[in-house]
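Numbering (the working numbering), first residue to last: 2 to 976.
To keep things clear, I will list the structure first and then write my remarks on it.
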Amino acid sequence: MHPAWAQEIVPEVQGTEAVSDEAIVVTGSRIARRDFTAESPITTISEEFIEDSGPATIEQSLNALPQFQATQNGQTSAVGGSGAGSSGGRANANLRGLGAARTLVLFDGRRLQPSDTSGAIDLNTIAPALISRVEVITGGASAVYGSDAIAGVVNFKFNDRFRGLELQADAGISDLGDAATYGGSVTWGGGFADDRARLFLSASYLQRDTASQNARRFFDNENGTSTPTSGLIIQVGANPFGFGSPANVAAYRSLFRDSYGTALPPTSSSFLLNSDRTLIGRTGAINLRDRASTGYLVSDNVVRQRSLLDSTVQLPLKRYTGFARGEFDISDGVTAYAQVNYATYKAEQQASVGVTQSVVQPIMIRADNPFITGDLRTLVNARPNPNAPITYYFNGGRIGRLRVEEDYDVYQLLGGFKGSLGGSLRYDIYASYGETDQGSTSHNQVSRSRFNAVVNAADGGASLCAGGYDPFGFSDTSKSCQDYLTFSTTNRYHYSQTVLQGNLTGELFDLPGGAAGFAVGAEYRKNSYTADIDPRNSPTPTATPGVTTAPEALGTAGALSSGGSISVKEIYGELLFPILSDRPFFEQLDVNLAYRYSDYDRIGGVHTYKASANWSPVRGLSIRGGYSRAIRAPSLGDLFSPKSGATGVIGLASAGGGDPCDVNGRARKGEIEGVDPAQVRALCIAQGVPANLVDGYSYSGSANAAFRVGNPDLKEETADSYTIGAVFQPDFMRPAFRNFSVSVDYYTISVDDAIGYVTSPIALQQCFNFTGENAGYDANNFYCGLVQRDASGILASIDEPLFNLAKYKVSGLDFQLDAAIDVRGFGTLSFNSAVTYVLDYKIQSVATEPTYDYAGTIGNAQIDGFSSTHPAWKHVTTLGLSGDTGSLSLRWRYLGKMSNSSNVATPDGTASGVPAVSYFDLIGRLKVNEGFELRGGVTNLTDKQPPEFGGPSVTPTSTYDVIGRRYFIGATARF
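Set out below in structure tokens:
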């Protein structure tokens, strides 16, 4: 019911790769051994630990462990304003916070079928019923397994020892009566012909329902969207004070001072409408009235709007899996085997709002639109050119809520031969082929051409659809206009992987500590993908070569169909030397060496290698450590992804981030060492901020539109890993404890030439000379060239190119304590605690930037592209009491406090972080008889609410529990 170290593995739970009576293959090596030890730190997770999370996907169980950090997972991902979900329902493993693409996921030591262009494995394709245990190692393992094993390896061990029929069923529900989850599986294993033939079959089903955001008190103070769902933001283009005709400017002044009884809005040119059609100065909330019917609220002195519609905080999912594996002993030395793994699942994301039209290619509304009210007419007339179109930003919630469906079909076929060549020599040759088909359909997209036609029709669009479309209203659009304006887009993606691999293992010669072992092998691997983008969601070529227009789907940046492949040929060798055993101060001394050469068709030849050792000076004490060189070849997405839209999170000027041109920011105030506010001002004007507005310019958003594109010239990432640690299992503790084990390990992983985007914050900081990159404040500087502003000087979008540009370094300490003691009359009292302390989480985004340490912080998005969490302390601790009839366990999941990552580069920054959070789970098991077990529990027993980060009612939903207290029950029957 808890994680256990590899040293605690006992013969009866060994995995499928046993090659002799008690020989096993430990993850991180291909050489079988009998001592159950390893030179690398290995955490072993039992199937009971996975079951103790209730009916859930596997990544939810893994993320409880301190070695893992949450990604944008498939449980709580919500649809974004651009019409794409953050993960599309996929669930990944992310070791040490280095990203899912740097964590290699295996099934029985073999690669699985990838589910996206990063090459990451979607854990939805693995049914829990197939797993006997999960082994996790830290640090590079590319010499043994090839590319991607930079942060470590997660190896799911297949339960091939199962015989008979097993039925499992699980159900869970939240304390509020929603977030229901149901799961079930049927598994059968049997032998034929005196067990010369063996067959294993399994099928499973999982359904996860929605959970209401509005039902949860955490979201009572929701900050809302930066662009209103109803109403509008009008960008007049220039400060109307004194620029229009005197009579019109006087009428504008009179409107606010006399009719509204308020001060004039500041120089900001953004306005909203109240439900009574009166004007609101968005900055400063001038004349803000009816909040109840509009959803308006004030945050950071800017009017925003919370959605008046409910949203889901649990991503609905339906998943079916099927698995079959067969083996046949052709002779004593030859076994043929075949395997098929299939998964199909659908995830649906429902937004509380519609598509959002940002500053990228905004809508322009004619100045004589018939829905323009009298007060709005006064504002429009006060502009220098009263007849100029109105720049209009909106959210399409009145037209239809955005809904995205993701469909996945994944299969992998595998077949091969294994056996003995005589003596100690054993071989395994196999081939596998897999495909992933993904369809992403976005419903209630708004047609750009039809929307433009409606809002610019002389009759307000009444001739095109019933009632036309009132851009300035709050009521829902007529059904006729909804049907006219909306459509669906479907993008289709296809991924394939071919693997050919042959391995030979055996013994070479005897050493004082035992027989020297070896493993050699060769591998060929090819990965391909195609992306078939709906033409209506792609930029459309115009008559001018090289010029494109916006995609037909309003509010999206669009993408182009693309595709590509990458292949590699590899050879590898591994040696295990048991140097000494049963000697004074050398109870055991083993040395392990490995080397791999990889020849990629895209990047050429690369070398990976490792050296490690395990020394037991006395019985009960093991000291282990090693070094490895690992690589990650650029993924298909890194190489070939077309230019597409993203969201660049830059923070708020009030918190030290935001647009450097914002007069409320530290760059304009002269609060950043080495940055000249006068030259910042001049650069802002050179970039397009009007000189008459620059001293009142503000950027109210915390994010901007961004554009990303692959780079076919990328090279491999390289990583150097070091580990050293000790395991203490003293004999003198045995009289008091049934088992007692303490371990501590230090790890450090340094990644060079890390593939990453020049993110929006980096582009702005480099452009405005925060780190000395643009000492001349030249508007033609490379980073300044990535920044685009609209005609009013407002930050419009930032290009985020992909390069081998970064350096990462993570280091820390892992602690593990396991103890069990017999309690007379009650059973066995056990205690287990797995703890991680992060020493370093250092990032150098580009060579000209300083290296910043984000250990113990929250919010940095450099590696994962979203708000990552890096607590200094994280642990999972379990106290349990077990006996012949069952068990009861209390589990404590702890996340330490974290400071705001935006303060790292700004030592005197005042942005707030988050406090420490503890979750408690209560799990019980009842063994009815030998063939039937009941289990149940409560997760988040105290209904702990998540901390706020990034605004009111905002939190990293992948890290913190937004569902609340949940109950689950389950049963297993074996026949």
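C-beta atoms are modelled at their ideal positions from N, C-alpha and C, and glycine is treated no differently.
Remember, it's a predicted structure, so these values are computed and weren't measured experimentally.
Per DSSP, residue 639 is not a residue of any beta strand (DSSP E); the alpha helix (DSSP H) it occupies stretches across 637-641. Taking C-beta separations shorter than 6 Å and ignoring five residues to either side along the sequence, the partners of residue 973 in its chain run 169, 934, following chain order.
Rounded to whole angstroms, residue 395 and residue 157 show a C-alpha spacing of 47 Å. In this structure, the alpha-carbon of residue 706 lies about 43 Å from that of residue 131. Taking residue 677 as reference, the option from 593, 604, 649, 770 with the minimal CA-CA separation is 770. Within the DSSP bridge table, the entry for residue 765 names no partner. The residue from 574, 746, 530, 938 with its alpha-carbon nearest to that of residue 523 is 574. In this structure, the beta-carbon distance from residue 216 to residue 750 does not fall below 8 Å. Assigned with DSSP and collapsed to three states, residue 881 falls in strand. When secondary structure is reduced to three states using DSSP, residue 786 falls in the helix class.
Relative to residue 345, the option among 419, 439, 581, 393 whose CA is nearest is 439. Beta-bridge analysis with DSSP links residue 27 to no other residue.
In the DSSP assignment, residue 341 forms a beta bridge with 325, 414.
For the pair of segments examined, the stretch 464-480 was found not to touch the stretch 428-448: the number of CB pairs separated by less than 8 Å stays below three. The shortest C-alpha to C-alpha distance from residue 966 to any of 504, 756, 947 is the one to 947. Residue 364 sits close to residue 452, with the two beta carbons spaced by under 8 Å.
For residue 181, there is no enclosing alpha helix (DSSP H), as DSSP marks it with neither H nor E. Here the alpha carbon of residue 802 sits roughly 50 Å from the alpha carbon of residue 260. No Cβ-Cβ contact shorter than 8 Å links residue 618 with residue 578. Bounds of the alpha helix (DSSP H) holding residue 480 are 480-486.
Bounds of any beta strand (DSSP E) do not take in residue 122, whose DSSP letter is neither H nor E. The alpha-carbon of residue 730 is positioned some 15 Å away from that of residue 589. In this structure, DSSP gives residue 49 a helical state, which the three-state scheme calls helix. Taking a cut-off of 8 Å for Cβ pairs, the stretch 777-792 and the stretch 733-748 do not touch, as fewer than three such pairs fall below it. DSSP, reduced to helix, strand and coil, places residue 805 within a strand of the structure shown.
In its chain, beyond the 5 residues on either side, 257, 261, 263, 275, 279, 280, 281, 282 have a beta carbon closer than 8 Å to the beta carbon of residue 288.
In terms of Cβ geometry, residue 748 and residue 173 do not form a close pair [threshold 8 Å].
In the structure shown, the three-state DSSP call for residue 266 is coil. Here residue 335 carries a strand assignment [DSSP, helix/strand/coil]. Separation of residue 877 and residue 833 (C-alpha to C-alpha, rounded to the nearest whole angstrom) is 8 Å.
By the 16-neighbour rule on beta-carbons within 10 angstroms, residue 331 is exposed.
When the Cα atoms are used, residue 850 and residue 562 turn out to be separated by approximately 35 Å.
In this structure, DSSP gives residue 253 a helical state, which the three-state scheme calls helix. Setting aside the 5 residues that flank it on each side, residue 43 is surrounded in the same chain by 6, 7, 27, 28, 29, 136, 137, 138, each with a C-beta closer than 8 Å to its C-beta; the list follows chain order. In the DSSP assignment, residue 310 falls outside any alpha helix (DSSP H), carrying neither H nor E. For residue 184, same chain residues with a beta-carbon under 6 Å away, outside a window of 5 residues either side, are 56, 171, 207 in chain order.
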